[in-house]
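Following: one structure in structure tokens, then a few remarks.
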Amino acid sequence: MRRKIVVGNWKMNGSLASNEALLKALAEKIPQTTPVDIVVCPPYPFLFQTQSYLKNSPIRWGAQNVAKFESGAFTGEVSVSMLNEFGASYVIIGHSERSTAYCESDENIATKFMMVKKAGMTPILCVGETLIEREAGIMEKVVSKQLDTIIKMYGEEIFDESVIAYEPVWAIGTDLAASPEQAQAMHQFIREKLSSNNKVAKSLKIIYGGSVNPQNALQLFSMPDVDGGLVGRASLNASDFESICHSAEI
Ligand code: PEP
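According to my numbering, the sequence shown is numbered sequentially starting from 5.
The structure is reproduced here in structure tokens:
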């Protein structure tokens, strides 16, 4: 049985003051012995603050992106070793808000995935189709292609102990979450696609992202191949995030 995981993606939100309140509330609300892996991903400048408040809590933290290079003349970039120094154990890779706004290619995403694994952290790879692609019935083809680049470059084994977040682009920030059945169908497709390596297929956590909230989390997380959630807006409210984490205790 896979342990479920709930990840909060804070995006470009927060300040030292508002984070302090949120981190203190989360550290207080989440019990030491939670049966769910809980992660928050603040913007880079707040990683030190996050580490300070969460180091004695079961909540882990991560980043929302990383450079594909180890170090050097890459203005504005942040490397895996820098993230490691701030105790980050997860990195979100290929979020659609980044791949559309910054034209990130599947090859770039694949390289970042490998860098994160090599550094001993867990990548959270975002995949998902647009509304037009879903309406055209090609969502599986689209997600398959997003995974194929990584498989071609590094082999299926690289997904061992990794997290894939199925985030249909049309469900992000829209209040139009996928139905539990739509999420299950895609998660099952992804698991079956990676099933030639039994260990990978069994250990791989596939989480759903896109307008998860305290009202829909339980139904989504009850589906057999939904191993938790990637939560945007609702992760900025301590009570809502706690409630979503609680829904994963099944
Ligand atoms: C996200 O962007 O990862 C996300 C899931 O956002 P929201 O929950 O706000 O739709």
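Quick reminder that beta carbons are idealized off the backbone N, C-alpha and C, glycines included. These numbers come from a predicted model, not from an experiment.
Check	Outcome
In terms of alpha-carbon separation, which member of 39, 219, 85 lies closest to residue 184?	219
Check this for me: beta carbons of residue 232 and residue 15, under 8 Å apart or not?	no
Relative to ligand 1, is the shortest distance from any of its heavy atoms to the C-beta of residue 241 smaller than 7 Å?	no
Run through DSSP, which three-state label would residue 127 get?	strand
Between residue 33 and residue 246, how many whole angstroms is the CB-CB distance? I'm expecting something under 8 Å.	5 Å
Check whether the Cβ of residue 76 sits closer than 7 Å to any heavy atom of ligand 1, and report yes or no.	no
If you compare alpha carbons, which of 71, 84, 137, 173 is closest to residue 113?	71
Can you check the stretch 132-219 for any alpha helix (DSSP H) of at least 4 residues that lies completely inside it and give the ranges in chain order?	135-139, 143-158, 184-197, 202-207
Looking at the structure shown, is residue 84 part of a helix, part of a strand, or coil, going by DSSP?	helix
Quick check: is any heavy atom of ligand 1 less than 7 Å from the C-beta of residue 234?	yes
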